[in-house]
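These notes concern the structure reproduced below.
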Ligand SMILES: [Zn+2]
């Protein structure tokens, strides 16, 4: 992947920031892409994505406004949707946080930019991991395989999807990020959208547990 253009969906959370560190370690030319859409924590995510991109002295963060695409859809993660659930990172409560069509739309936009970029082979990168599979159908291996094929066909073989964490647990992703010294102190994940983690929403719980499994403490807990 050395010297190749990669368009990375950077949400400002732990998973996409780890993937950013991973791609830079591979000497890829990473353009981080932040998607603006009407999620309840989008402003917090954007600030985090800007901090991470600035830390990595990236090509400037590309911000793509998808407000119109996702407005009016029913999801606990979106403004106007039901309240966010508290609890474990699986099960029926988390199902309410599915955003219809999200990764399909994100991948289409990333792939379009990758297809438009210079080079014979370019990439669209997503930090999805195995812990997402149970609830989010657009994070599962069969979905990614089909999307990979679709994007190869639509780009005449130019664009590949990179999702190296798809078979890893979140704890394994965090272990890799700790090794790569990913700037987790700059990231934010909480669905509630506050600057400090609420520690009760599913993503806060999953994140805290992933650090604990590695014998580490999330730097956000200490600040
Ligand atoms: Zn939270």
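Numbering (the numbering used here), first residue to last: 1 to 223.
For glycine and all other residues, C-beta sits at the position ideal for the given N, C-alpha and C.
Secondary structure of residue 34 (DSSP, three-state): strand. Of the candidates 54, 94, 77, 102, the residue whose Cα lies closest to the Cα of residue 183 is 54. In this chain, residue 20 is not harboured by any beta strand (DSSP E); it is covered by the alpha helix (DSSP H) spanning 14 to 25.
Relative to ligand 1, the nearest heavy atom lies less than 7 Å away from the CB of residue 191. Per DSSP, reduced to three states, the secondary structure at residue 146 is helical. In the DSSP assignment, residue 67 falls within the alpha helix (DSSP H) that extends over 67 to 70. Taken in chain order, the complete beta strand (DSSP E) segments of 3 residues or longer contained in the region 79 to 145 are 122 to 125. With contacts defined as CB atoms closer than 8 Å, residue 2 and residue 28 qualify as a contacting pair.
Boundaries cannot be given for residue 217, as no alpha helix (DSSP H) includes it and DSSP labels it neither H nor E.
Segment contact: the region 34 to 48 against the region 176 to 195, three or more CB-CB distances shorter than 8 Å; contact assigned.
Only exposed fits residue 116, as fewer than 16 other CB atoms lie within 10 angstroms of its CB.
A residue is called buried once 16 or more other Cβ atoms fall within 10 Å of its Cβ, and residue 21 is buried on that count. Under the three-pair Cβ rule at 8 Å, the region 1 to 16 does not count as touching the region 140 to 148. Counting other Cβ atoms within 10 Å of its Cβ, residue 138 reaches 16 or more and is therefore classed as buried. Counting along the chain, the unbroken alpha helix (DSSP H) around residue 173 starts and ends at 170 to 179. The beta carbon of residue 11 sits closer than 7 Å to those of 45, 49, all from its chain and outside the five residues before and after it, given in chain order. Between the region 107 to 126 and the region 29 to 36 there are three or more inter-stretch CB-CB distances shorter than 8 Å, so the stretches are counted as touching. Assignment of beta-bridge partners to residue 64 by DSSP yields 35. Judged by DSSP in its simplified three-state form, residue 189 adopts coil rather than helix or strand. Under the DSSP assignment, residue 6 falls in the beta strand (DSSP E) whose first and last residues are 5 to 9.
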